[in-house]
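*Asks:*
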Amino acid sequence: MTSDQKVLVIAEHFQGEIISSTSKAINCASQISSQVDLLVLSNDPNLSDHASRYDGINEVLVINDDLFENSIASIMAPVIAEIASSYDYVLAPSTTFGKDLTPRVSAVLDVSQITDIMEVIDSRTFKRPVYAGNAIETIEINQGQKVVATVRPASFKDVGDSNNASVKILDLPSVDIPNHTRFKGIQSEVKERPDLQVASVVISGGRGVGSAENFEILYQLADKLGASVGASRAAVDAGYVPNDMQVGQTGKIIAPDLYFAFGISGAIQHIAGIKDAGTIVAVNKDPDAPIFEIADIGIVADLFEFIPDFLSKLD
Amino acid sequence: MEKILVCIKRVIDYNVKIRIKPDESGVITDGVKMSINPFDEIALEEALRIKESGNANEVIIVSIGPDDTQQQLRTGLAMGADRAIHIEHPTPLEPIQVAKLLSRIVEQEQPELILMGKQAIDDDANQTGQMLAQIFSYPQATFASKITLTGNTLEVVREVDQGLEILDVDLPAIVTVDLRLNEPRYVKLPDIMKAKKKPLEVLDPVSLDVSLDPSIKVLNVSAPPPRQSGVMLEDASQLVSSLKEKGLLND
Ligand SMILES: Cc1cc2nc3c(=O)[nH]c(=O)nc-3n(C[C@H](O)[C@H](O)[C@H](O)COP(=O)(O)OP(=O)(O)OC[C@H]3O[C@@H](n4cnc5c(N)ncnc54)[C@H](O)[C@@H]3O)c2cc1C
Ligand SMILES: Nc1ncnc2c1ncn2[C@@H]1O[C@H](COP(=O)(O)O)[C@@H](O)[C@H]1O
Numbered sequence: 007m008t009s010d011q012k013v014l015v016i017a018e019h020f021q022g023e024i025i026s027s028t029s030k031a032i033n034c035a036s037q038i039s040s041q042v043d044l045l046v047l048s049n050d051p052n053l054s055d056h057a058s059r060y061d062g063i064n065e066v067l068v069i070n071d072d073l074f075e076n077s078i079a080s081i082m083a084p085v086i087a088e089i090a091s092s093y094d095y096v097l098a099p100s101t102t103f104g105k106d107l108t109p110r111v112s113a114v115l116d117v118s119q120i121t122d123i124m125e126v127i128d129s130r131t132f133k134r135p136v137y138a139g140n141a142i143e144t145i146e147i148n149q150g151q152k153v154v155a156t157v158r159p160a161s162f163k164d165v166g167d168s169n170n171a172s173v174k175i176l177d178l179p180s181v182d183i184p185n186h187t188r189f190k191g192i193q194s195e196v197k198e199r200p201d202l203q204v205a206s207v208v209i210s211g212g213r214g215v216g217s218a219e220n221f222e223i224l225y226q227l228a229d230k231l232g233a234s235v236g237a238s239r240a241a242v243d244a245g246y247v248p249n250d251m252q253v254g255q256t257g258k259i260i261a262p263d264l265y266f267a268f269g270i271s272g273a274i275q276h277i278a279g280i281k282d283a284g285t286i287v288a289v290n291k292d293p294d295a296p297i298f299e300i301a302d303i304g305i306v307a308d309l310f311e312f313i314p315d316f317l318s319k320l321d
Numbered sequence: 129m130e131k132i133l134v135c136i137k138r139v140i141d142y143n144v145k146i147r148i149k150p151d152e153s154g155v156i157t158d159g160v161k162m163s164i165n166p167f168d169e170i171a172l173e174e175a176l177r178i179k180e181s182g183n184a185n186e187v188i189i190v191s192i193g194p195d196d197t198q199q200q201l202r203t204g205l206a207m208g209a210d211r212a213i214h215i216e217h218p219t220p221l222e223p224i225q226v227a228k229l230l231s232r233i234v235e236q237e238q239p240e241l242i243l244m245g246k247q248a249i250d251d252d253a254n255q256t257g258q259m260l261a262q263i264f265s266y267p268q269a270t271f272a273s274k275i276t277l278t279g280n281t282l283e284v285v286r287e288v289d290q291g292l293e294i295l296d297v298d299l300p301a302i303v304t305v306d307l308r309l310n311e312p313r314y315v316k317l318p319d320i321m322k323a324k325k326k327p328l329e330v331l332d333p334v335s336l337d338v339s340l341d342p343s344i345k346v347l348n349v350s351a352p353p354p355r356q357s358g359v360m361l362e363d364a365s366q367l368v369s370s371l372k373e374k375g376l377l378n379d
């Protein structure tokens, strides 16, 4: 570990809380250097308290401004790029937030970027997935160049929260802030179940579930197991569930201990989202469904017969 | 608006199971079916719909890639694009370099709207659109699943991790599209014939004055660790026992 390298991690937050993906990005940063600072851009002064508890953080940098009420990349990027001038690395979680934001930071700094770090080999060498995770690249970034990267949350564990890092309030740097982008709202359903990206058990349904009403049986099972519920793209496209439940290459990449796929065929784009799961259980009525090639436990059955039976055996 | 620019990339078709070269230097592309990146096809479809609804006069497609990339550009022309620009470059480039090359085309053409894919399914980078937007300090709306044009403003619904976000952006703007935006049309045979006569300009990247020195070296490309082969069980009671054995269910 080269301790003289300075790493800036960008905190992701939503509705007054710092999100777990931030903690995973901090974990990755700590494997690069021991000099890790966390930048919180928000209009909520209460966030800094939580931020300062993350293990591995030296200092929390905070800018409180109404500009940051919603995470708008074109507003945040010039600010981050300015602060990044005294850092060697800028890391953000590889979520829709981080992916939206970091390439603009890279462009201001005029450097290449690494998407989805999944492993730190050394401070210049990283692994990342390509082709929906069907190949893994080992890449080396030129010496002396600032590194801007996103961190694949499913590949890193959360850091602890026993720290008490100092908090430094910064002034808004004088950079050009555009006003061409206006936030109009977010439709986000309040979830009664654990977050997909954090849950240790995930129950997913695909086109085979057949309707929004039929998903009810998956929710029942999820509640029994304390699980989160996900879906294939086909299930989202068909309107059975909202988009934020999609698992896969273009949905969420998750790493639960236990994953259930009900009525999901197992397209590579779906598998891309669950490669890091501990145990994959697939229930499909087609014995030739490709999902069985990667499942740890496969059961050929009609899900509507299987789940009630399974539920009763769990009592 | 006058012009919409759509950026398309030639990639291995999404149905192909990729194979890694024995020397781990990359992925086998020889003899493999290539297509327009699926997100870019959706971007092009959206541009065509905007034009067909009378809100744009011209749809231009641009692609950077080896000479065979003209196949994908011809497909784009057959879908309905008016003309194509091919920046010929034999090897893959880093997204920042792609963004800089594209920025030259944006300077030349001055499109009011630039539509791109949210990511290319080969490098899975998800960077180029945002970089291009920053080069011009343009607004961006990534992960778009719905676009509504009113005057000089686009309302974009974005698929984000927390749900659906709505942004208003002023033109000129860059939108990177997600899968649910639309379903691209099929190309018909007569359109393929017509496309052969549409203009396709070929540019040498040297003439565009962008540094193409790589800053990231790919040391190797390997297969992900395989998952251990699994077992088939008969029913729910076997599953319950098996999960208990693995410590995944409490007794
Ligand atoms: C660029 C790109 C990105 C993509 N990204 C994603 C992504 O992020 N996530 C994703 O999931 N997909 C993604 N896809 C789509 C993917 O290719 C598949 O189309 C999709 O995953 C199929 O979903 P499915 O398995 O639910 O549906 P299907 O393939 O239709 O499979 C349904 C399955 O249900 C089974 N079934 C039916 N009824 C029952 C029953 N009663 N009991 C048990 N089994 C039953 C059938 O045997 C079948 O195997 C992407 C595609 C592209 C091109
Ligand atoms: N070589 C290229 N030529 C044209 N457009 C490209 C090229 N590479 C990337 N793009 C565009 O940028 C988007 C995002 O690509 P990427 O950042 O590589 O994931 C793609 O969906 C295309 O719209």
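Top to bottom, those sequences are chains A and B. Mapping of the first sequence onto my numbering: residues 7 to 321, in sequence order. Mapping of the second sequence onto my numbering: residues 129 to 379, in sequence order. Even for Gly, the Cβ is constructed at its ideal location relative to N, Cα and C.
What are the start and end residues of each continuous alpha helix (DSSP H) run of 4 or more residues lying completely inside the region 236-303 of chain A, in chain order?
*Replies:* You should have 239-243, 274-277, 297-300.
*Asks:* So with CB distances below 8 Å, who are the chain B contacts of Y137 (chain A)?
*Replies:* Per Cβ cutoff of 8 Å: I140, I146, V155, I249, D250, D252.
*Asks:* Could you have a look at D79 (chain A) and say whether DSSP puts it in helix, strand or coil?
*Replies:* Per the sequence presented here, residue 79 (chain A) reads as Ala, with Asp not at that position. Here A79 (chain A) sits in helix by DSSP.
*Asks:* Mind checking the region 182-197 of chain A against chain B and listing, in chain order, the residues whose C-beta falls within less than 8 Å of any C-beta there?
*Replies:* Against chain B - using a Cβ distance shorter than 8 Å - the residues of the region 182-197 of chain A are D182, P184, H186, T187, R188, F189, K190, G191, I192, Q193, S194, E195.
*Asks:* Is there contact between the region 163-178 of chain B and the region 294-303 of chain A, where contact requires at least three CB pairs shorter than 8 Å?
*Replies:* Segments in contact, no.
*Asks:* Count the other C-beta atoms from every protein chain shown that fall within 10 angstroms of the C-beta of G279 (chain A), then say buried if there are 16 or more, exposed otherwise.
*Replies:* Answer is buried; the Cβ neighbour count reaches 16.
*Asks:* Can you list, in chain order, the residues of its chain with a C-beta nearer than 7 Å to that of T197 (chain B)? Leave out the 5 residues immediately preceding and following it.
*Replies:* Cβ within range, chain order: R138, S191, H214.
*Asks:* Give me the Cα-Cα distance between Y93 (chain A) and S129 (chain A), rounded to the nearest whole angstrom.
*Replies:* Between Y93 (chain A) and S129 (chain A), the C-alpha separation is close to 14 Å.
*Asks:* What separation, rounded to the nearest whole angstrom, lies between the Cα atoms of P109 (chain A) and K325 (chain B)?
*Replies:* Cα to Cα, P109 (chain A) sits roughly 37 Å from K325 (chain B).
*Asks:* Does at least one heavy atom of ligand 1 sit under 7 Å from the Cβ of D168 (chain B)?
*Replies:* Not so, every heavy atom of ligand 1 lies at least 7 Å from the Cβ.
*Asks:* Between the beta-carbon of I275 (chain B) and the beta-carbon of V288 (chain B), is there less than 8 Å?
*Replies:* No, they are not a contact pair.
*Asks:* Is the CB-CB distance between V155 (chain B) and V338 (chain B) below 8 Å?
*Replies:* Not in contact: V155 (chain B) and V338 (chain B) (Cβ atoms no closer than 8 Å).
*Asks:* Nearest-angstrom Cα distance between M364 (chain B) and N143 (chain B)?
*Replies:* Looking at the sequence itself, residue 364 (chain B) is Ala, so the reference to Met does not match. Cα to Cα, the separation comes out at about 33 Å.
*Asks:* Relative to the C-alpha of N280 (chain B), which residue among B:G291, B:P267, B:S273 is closest?
*Replies:* Nearest option by C-alpha distance: B:P267.
*Asks:* Say the cut is 7 Å; is the CB of M244 (chain B) nearer than that to a heavy atom of ligand 3?
*Replies:* Ligand 3 is not part of the structure shown, which contains ligand 1 and ligand 2 as its ligands.
*Asks:* Apply the 10 Å Cβ neighbour rule to K228 (chain B) and answer buried if 16 or more other Cβ atoms are within range, or exposed otherwise.
*Replies:* With 16 or more other Cβ atoms within 10 Å, it is buried.
*Asks:* Going by DSSP in three states, D50 (chain A) sits in which element: helix, strand or coil?
*Replies:* The answer is coil: DSSP assigns D50 (chain A) none of H, G, I, E or B.
*Asks:* Exposed or buried, which one is Q109 (chain B) when buried takes at least 16 other CB atoms within 10 Å?
*Replies:* What the structure shows of chain B is the stretch from 129 to 379, and residue 109 (chain B) is not part of that stretch, so it cannot be assessed.
*Asks:* Tell me whether R213 (chain A), by its Cβ, gets closer than 7 Å to a heavy atom of ligand 1.
*Replies:* Answer for R213 (chain A): yes, Cβ within range of ligand 1.
*Asks:* With a CB to CB cut of under 8 Å and the five nearest residues on each side skipped, what residues in its chain are close to Q275 (chain A)?
*Replies:* Excluding sequence neighbours, Q275 (chain A) sits near A138, R239, G254, Q255, T256.
*Asks:* I want to see whether chain A comes within less than 8 Å of T219 (chain B), judged by CB atoms only; does it?
*Replies:* No, T219 (chain B) lies away from the interface with chain A (no Cβ there is under 8 Å from its Cβ).
*Asks:* Take I125 (chain A) as the anchor and find which of A:P200, A:F103, A:A31, A:K230 has the nearest alpha-carbon.
*Replies:* The question names Ile, but residue 125 (chain A) is Glu in the sequence shown. Per the Cα distances, A:A31.
*Asks:* Going along the chain, which residues of the region 291-308 of chain B sit with their C-beta nearer than 8 Å to a C-beta in chain A?
*Replies:* Residues G291, L292, E293, I294, L295, D296, V297, D298, A301, D306, L307, R308.
*Asks:* In angstroms with no decimal places, state the Cα-to-Cα distance between I277 (chain A) and P327 (chain B).
*Replies:* Cα to Cα, the separation comes out at about 41 Å.
*Asks:* Less than 7 Å between C-beta atoms, sequence neighbours within five positions excluded: which residues of the same chain meet that for T203 (chain B)?
*Replies:* Taken in chain order, the residues that qualify are I164, V315.
*Asks:* For S210 (chain A), list the residues DSSP reports as bridge partners.
*Replies:* DSSP output for S210 (chain A) lists A:G236, A:A267 as bridge partner(s).
*Asks:* Under 8 Å, do T156 (chain A) and S77 (chain A) count as touching if we go by C-beta distance?
*Replies:* Cβ distance not < 8 Å, so T156 (chain A) and S77 (chain A) don't count as in contact.
*Asks:* Can you give me, in chain order, the residues of the region 129-157 of chain A that have a beta carbon less than 8 Å from any beta carbon in chain B?
*Replies:* If the cut-off is 8 Å between Cβ atoms, the region 129-157 of chain A has T131, P135, V136, Y137, A138, G139, N140, A141, I142, E143, T144, I145, E146, I147, N148, Q151 near chain B.
*Asks:* For my contact list, I63 (chain A) and V85 (chain A) are in at a C-beta cut-off of 8 Å; report their separation, rounded to the angstrom.
*Replies:* Not a contact, Cβ separation roughly 20 Å.
*Asks:* Using a Cβ-Cβ distance cut-off of 8 Å, determine whether Q258 (chain B) contacts chain A.
*Replies:* Yes, its Cβ sits closer than 8 Å to a Cβ of chain A.
*Asks:* Which residue spans inside the region 307-356 of chain B form an unbroken alpha helix (DSSP H) run of at least 4?
*Replies:* Taking only runs of at least 4 residues, the alpha helix (DSSP H) segments lying wholly in the region 307-356 of chain B are 317-323.
*Asks:* Using the C-alpha atoms, what's the distance from L176 (chain A) back to G375 (chain B)?
*Replies:* C-alpha separation (whole angstroms): 48 Å.
*Asks:* Taking L320 (chain A) as the query, report the chain B residues whose CB atoms sit under 8 Å from its CB, ordered along the chain.
*Replies:* Near L320 (chain A) (Cβ distances below 8 Å), the residues of chain B are V368, L377.
*Asks:* Quick check on Y137 (chain A): does DSSP put it in helix, strand or coil?
*Replies:* In this structure, Y137 (chain A) counts as helix in the three-state DSSP scheme.
*Asks:* Are any of the Cβ atoms in chain B nearer than 8 Å to that of S118 (chain A)?
*Replies:* Answer yes: the Cβ-Cβ gap between S118 (chain A) and chain B drops below 8 Å somewhere.
*Asks:* Quick test of your reading: Q262 (chain B) and A171 (chain A), contact by CB under 8 Å. State the CB separation rounded to the nearest angstrom.
*Replies:* Incorrect: roughly 30 Å between the Cβ atoms, too far for contact.
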